[in-house]
Amino acid sequence: KDSSGNVKIQAEASGAVYTGIHTFTTLKSTSADFSGNVSIAGTLSYEDVTNIDSVGVVTARDGIFLPDDKKLELGNASGSGDLQIHHVSSSNQNRIESTTGNLRINQVGNGSNISLLATHIYLKNHNNNQTYLHAANNGAVNLNYSGSTKLATTNTGATVTGTLTASKFSGSLVGNTHN
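Numbered according to this note's numbering, the sequence shown spans residues 2 to 180.
Below is the structure:
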């Protein structure tokens, strides 16, 4: 007991019980239960913690870092999130994946844009083996049907492969015409 009569360390069959404020140079334990607030002065790194279960808001003042090949998962359950964001180091790809339903990107607000910035932009099917649209920086834009280019822009205009049907046409018509 201290001078006020408070017990500071109490030995029990299951171990020692500490009350009050204590400073340890090294504290090792296989488990711990805390009934009050816990403060960590210094850095608590991901090597130190394998699981954090939080009820409420988690604040990351300097951002969130995930190592390569680890996923940020939202929705459903751990290991099978509905939305997954991750980096695949073996193919050097950054991925946003929806594992259930549709992935919808909304721009809320007037006069705002959604921009895709790249040298080449592809819209492809879910198996990544058929291209719907390919847009090249300072180059052609190709629209495809069932894997075949049907409309391609060029430096002089556009080329249509197949039949072009229009309900109305205005302007001059130059070249081969068929009635």
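Positions of the beta carbon are idealized from the N, C-alpha and C atoms, including for glycine.
Outcome for residue i when other beta-carbon atoms lying within 10 angstroms are tallied against a minimum of 16
| i | result |
| --- | --- |
| Asn129 | exposed |
| Asn38 | exposed |
| Lys143 | For the record, residue 143 in the displayed sequence is Asn; it is not Lys. With 16 or more Cβ atoms within 10 Å of its Cβ, Asn143 is classed as buried. |
Extent of the continuous beta strand (DSSP E) run through residue i
| i | result |
| --- | --- |
| Lys72 | 72 to 75 |
| Arg62 | Counting along the chain, Arg62 falls outside any beta strand (DSSP E), and DSSP gives it neither H nor E. |
| Ile53 | Premise fails: Ile53 is in no beta strand (DSSP E) and is neither H nor E. |
| Val18 | 16 to 19 |
| Leu84 | 84 to 89 |
Presumed contact (8 Å Cβ cut-off) between residue i and residue j, rounded CB distance
| i | j | result |
| --- | --- | --- |
| Asn145 | Leu134 | 7 Å |
| Thr162 | Lys151 | 5 Å |
| Ile1 | Leu73 | Past the edges of the chain, shown from 2 to 180, lies residue 1, and the structure says nothing about it. |
| Ala141 | Thr120 | Not quite, the Cβ-Cβ distance comes to about 13 Å (not below 8 Å), so this is no contact. |
| Ala136 | Ile115 | The pair is not a contact, with the Cβ atoms about 15 Å apart (cut-off 8 Å). |
* Any beta strand (DSSP E) of 3 or more consecutive residues that is wholly inside the region 98 to 177 -> Segments of the beta strand (DSSP E) lying fully in the region 98 to 177: 121 to 125, 132 to 137, 142 to 146, 149 to 155, 158 to 161.
* Three or more C-beta pairs below 8 Å linking the region 20 to 37 and the region 52 to 69 -> At 8 Å Cβ cutoff, the stretches do not touch.
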